[in-house]
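Engineer: Sharing a structure with you now.
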Amino acid sequence: MNSSFKKIVSLGSLYSLGSISQGALFVLLFPIYTSFLSPQDFGIIGLMSITVSLLTRFVSSPINSAFTRFYYAPEYEEKSGILLFNLFLWALLIVTCCAVTFWRISEYLAGIILQDRNLAHLLKIYALILFLQPFSSLFFCLLRMLERAKYFVFTSISSLLLSAGLTLYLLIVLKKGVLSLIVGNLFSLIITVIMILPIFIRRSTFRLSHSTLIPPLKYAYPLLLSEYSNLLIQSGDRYVLRIFNSVSMVGLYAFGYQIAGILQTALVTPLKQALQPVVLKQEKDSEAIRGFLRMGATYFYLIGCAACLLISLFSREILMLFARKEAFWAAWVIVPIITYSYVQHGLGNFVGWGMGLMKKSFHVSGIVLVAALVNIGLNFLFVPQWGMLGAAFATMLSYIVWNVLKAYYSAKFYDLRFEVGRLLHITVIGFGLYGLSLLVDNNGAIGTDVALKLLLFLGYPLILWSTGFFSEREKEYLLKPVNRFKKAY
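In the numbering used here, the protein residues as written are -9 to 479.
Written out as structure tokens, the structure is:
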């Protein structure tokens, strides 16, 4: 189990480097973006991103699920290259049809979604993004399964920097507004595909095989409902907000979501990328997997809640620091809620593995569908009353429902059980400290507020320690650096 944790930490650290670089660059560009763009511009990007995601999921999700689940499967040991090539061809066929259709009806969609047919030219660029996104996703998936984390990070950072340079040129020099970010996104996908294409060619076996393709797709397509439901949980609230509010309100919500996404970028996504190959390579040792996932879930939640608390405590200050226009500052209220939702999302990467390992794809889809229906129902209930704050609460509650159901069925099918008491212990302390912070927030000089919030954050590990959260073995491990320092000096 220790070797598995070390592998996760090693791969996760490398993936985090790429993700943190993306997040850091985006944060640094906040002042520029908010100087040249309005909440309405962010609303356009938010609505169109979710619309394109709805279409790309139809292609990417089954392809990626089939590839990751079967690439290391014993029966595909000699056919992994054939599988990769045939999945690529299947993606090419489907995405071409989707992208061409999207291009042809772009004017109609602009009128329906954005209520402005003059924005159809933006949707045509999104049609190109729609075409390239599945290949970028599959190629990155290949790097993860090969555990080529260094090249994964190199590709991510390279495409990020090149696309950022183009975006800034279009935004600042040519004054292209929201078009700048959309073209930058397209350019990033082009760079990614070009950089990983040689590895794809080397790893592919160029042979058509119906028998190789069908079993993975039969496994993966039932999961499509799960992927769509997951997308609705994360982003469907934009559509509900648009029904009851303006595009600008959607943009404000999307902006706050991006601030909260710092945790997703730095912790949740790298963990998910590192976790898959490590777990699947241990598939034959069920006891080792159970112990690894049980402890991994607790430690992730411990670290995730610490990061969530830090971001939440200073969410107002972060927005005031980086957003040039005061119109964006109101988004701070959703940041703590969405950040915790991302923690729940990350926890779900552990608690759902019992169904995945038993290939219970219909149960996976059914559970996430229930969570999505809860999310949509709560959005229609909360948004008319509380606007974007209601949408944020709906997202958080639906993630909690999702994880409870995941944990139940993982225990039922795989006897995978988690340390519920310790997870609740962390939750009570984290929520309690954030609740205390609301009493001191904005009640004095900014220096005083920051100092008090730092004290509250430092209280997180101290209270956990003093209330018996850590075992004696864990305390001994955590004190090792201190003991080494004492011996050295």
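From the three backbone atoms N, C-alpha and C, an ideal C-beta is built for every residue, glycine too.
Any chance you could list the alpha helix (DSSP H) runs of at least 4 consecutive residues sitting entirely within the region 408 to 460, in chain order?
Structural biologist: Fully enclosed alpha helix (DSSP H) runs of 4 or longer: 410 to 430, 436 to 456.
Engineer: Please identify the residue among 128, 30, 108, 289 whose C-alpha is closest to the C-alpha of residue 414.
Structural biologist: Position 424 of the sequence shown, counted from the first residue, corresponds to residue 414. For the residues 128, 30, 108, 289, the minimum Cα distance to residue 414 belongs to 289.
Engineer: Suppose contacts are defined by Cβ-Cβ distances below 8 Å. Is residue 369 in contact with residue 381 by that definition?
Structural biologist: Counting from one through the sequence shown, the residue named residue 369 turns up at place 379. Counting from one through the sequence shown, the residue named residue 381 turns up at place 391. Cβ distance < 8 Å, so residue 369 and residue 381 count as in contact.
Engineer: Is residue 111 buried or exposed, if buried means 16 or more other CB atoms sit within 10 Å of its CB?
Structural biologist: Position 121 of the sequence shown holds residue 111. Residue 111 comes out exposed.
Engineer: Examine the Cβ distances between the region 48 to 56 and the region 208 to 218 and report whether three or more of them are shorter than 8 Å.
Structural biologist: Contact between the region 48 to 56 and the region 208 to 218 is present, because at least three Cβ pairs lie under 8 Å.
Engineer: Start and end of the alpha helix (DSSP H) containing residue 188?
Structural biologist: The count along the sequence shown starts at 1 and reaches residue 188 at position 198. Start and end: 168 to 193.
Engineer: Contact defined as beta carbons within less than 8 Å: I believe residue 221 pairs with residue 43. What is the distance between those atoms, to the nearest angstrom?
Structural biologist: In the sequence shown, counting from the first residue as 1, residue 221 sits at position 231. In the sequence shown, counting from the first residue as 1, residue 43 sits at position 53. With a Cβ gap of about 6 Å, residue 221 and residue 43 count as contacting.
Engineer: Under 8 Å between the Cβ atoms of residue 231 and residue 373?
Structural biologist: The residue you call residue 231 lines up with position 241 of the sequence shown. The residue you call residue 373 lines up with position 383 of the sequence shown. Closer than 8 Å, so yes.
Engineer: Anyone know if the C-beta pair for residue 157 and residue 174 falls short of 8 Å?
Structural biologist: Indexing the sequence shown from 1 puts residue 157 at position 167. Indexing the sequence shown from 1 puts residue 174 at position 184. A contact, by the Cβ cut-off of 8 Å.
Engineer: With C-beta atoms as the reference, is residue 176 less than 8 Å away from residue 120?
Structural biologist: Taking the first residue of the sequence shown as 1, we reach residue 176 at position 186. Taking the first residue of the sequence shown as 1, we reach residue 120 at position 130. Cβ atoms of residue 176 and residue 120: not closer than 8 Å.
Engineer: Closest to residue 313 by C-alpha separation, out of 19, 334, 465, would be which residue?
Structural biologist: Numbered from 1 along the sequence shown, position 323 holds the residue referred to as residue 313. The shortest Cα separation from residue 313 among 19, 334, 465 belongs to 19.
Engineer: Just list the alpha helix (DSSP H) runs in the region 15 to 83, keeping only unbroken ones of 4 residues or longer that don't cross its boundaries, in chain order.
Structural biologist: For the region 15 to 83, whole alpha helix (DSSP H) runs of length 4 or above, ordered along the chain, are 29 to 60.
Engineer: For the ligand PLP, any of its heavy atoms closer than 7 Å to the Cβ of residue 415?
Structural biologist: In terms of ligand content, the structure shown is empty, and the ligand PLP therefore cannot be addressed.
Engineer: Does the count of Cβ pairs from the region 341 to 352 and the region 322 to 332 closer than 8 Å reach three?
Structural biologist: Because the criterion of three Cβ pairs below 8 Å is not met, the region 341 to 352 and the region 322 to 332 do not touch.
Engineer: For residue 197, which residues in the same chain have their Cβ closer than 6 Å to its Cβ, ignoring the five residues on either side in sequence?
Structural biologist: Within the sequence shown, the letter at position 207 stands for residue 197. Excluding sequence neighbours, residue 197 sits near 72.
Engineer: Quick check for students: name the residue ranges of the alpha helix (DSSP H) that lie wholly in the region 331 to 390, counting only runs of 4 or more.
Structural biologist: List check, alpha helix (DSSP H) in window: 343 to 347.
Engineer: Should the region 198 to 208 be regarded as contacting the region 134 to 148, the criterion being three or more beta carbon pairs within less than 8 Å?
Structural biologist: These segments do not touch.
Engineer: What residue from 379, 277, 299 has the CA that sits closest to residue 347's CA?
Structural biologist: Counting from one through the sequence shown, the residue named residue 347 turns up at place 357. Nearest of 379, 277, 299 to residue 347, Cα basis: 277.
Engineer: Does residue 14 pass the burial test, meaning 16 or more other C-beta atoms within 10 Å, or should it be called exposed?
Structural biologist: The residue labelled residue 14 in the question sits at position 24 within the sequence shown. Exposed: under 16 other Cβ atoms inside 10 Å.
Engineer: Using only the alpha-carbon positions, how far apart do residue 360 and residue 461 sit?
Structural biologist: What you label residue 360 is simply residue 370 of the sequence shown in a count that begins at 1. What you label residue 461 is simply residue 471 of the sequence shown in a count that begins at 1. Going from the Cα of residue 360 to the Cα of residue 461 covers about 36 Å.
Engineer: Please classify residue 108: is it buried, with 16 or more other beta-carbons within 10 angstroms of its beta-carbon, or exposed?
Structural biologist: Residue 108 sits at position 118 when you count from the first residue of the sequence shown. Exposed: under 16 other Cβ atoms inside 10 Å.
Engineer: For residue 225, which three-state DSSP category applies?
Structural biologist: Within the sequence shown, numbered from 1, the residue matching residue 225 stands at position 235. Residue 225: helix per DSSP, three-state reduction.
Engineer: So does the region 338 to 345 actually touch the region 279 to 289, counting three or more Cβ pairs closer than 8 Å?
Structural biologist: Contact between the region 338 to 345 and the region 279 to 289 is present, because at least three Cβ pairs lie under 8 Å.
Engineer: Using the rule of at least 16 other Cβ atoms within 10 Å of the residue's Cβ for burial, across every protein chain shown, is residue 322 buried or exposed?
Structural biologist: Locating residue 322 in the sequence shown gives position 332, counting from the first residue. Answer is buried; the Cβ neighbour count reaches 16.
Engineer: Put residue 477 into one of helix, strand or coil per three-state DSSP.
Structural biologist: Position 487 of the sequence shown, counted from the first residue, corresponds to residue 477. Three-state DSSP puts residue 477 in a helix.
Engineer: Would you grab the beta carbon distance between residue 375 and residue 237 for me? Rounded to a whole angstrom, and I think it's under 8 Å.
Structural biologist: Taking the sequence shown and counting its residues from 1, the one referred to as residue 375 is at position 385. Taking the sequence shown and counting its residues from 1, the one referred to as residue 237 is at position 247. In fact, because the Cβ distance is near 20 Å, the residues do not count as touching under 8 Å.
Engineer: Do the region 90 to 101 and the region 125 to 136 meet, that is, are 3 or more Cβ pairs less than 8 Å apart?
Structural biologist: Touching, no, given that fewer than three Cβ pairs across the two stretches are closer than 8 Å.
Engineer: Assuming residue 239 contacts residue 378 (C-beta within less than 8 Å), just tell me the rounded distance between them.
Structural biologist: Sequence index remark: in the sequence shown, residue 239 carries index 249 (1-based). Sequence index remark: in the sequence shown, residue 378 carries index 388 (1-based). Between residue 378 and residue 239 the Cβ distance is about 6 Å, and since that is below 8 Å, they are a contact.
Engineer: Tell me whether residue 266 is buried or exposed, calling it buried when 16 or more other Cβ atoms sit within 10 Å of its Cβ.
Structural biologist: On the sequence shown, position 276 is the one that residue 266 refers to. Buried.
Engineer: Within 10 angstroms of its Cβ, does residue 393 collect 16 or more other Cβ (buried), or is it exposed?
Structural biologist: By 1-based counting over the sequence shown, the position of residue 393 is 403. Buried, by the Cβ-count rule.
Engineer: Restricting to runs no shorter than 3 residues, where is the beta strand (DSSP E) found entirely within the region 278 to 317?
Structural biologist: Those beta strand (DSSP E) runs which fall completely within the region 278 to 317 and span 3+ residues do not exist here.
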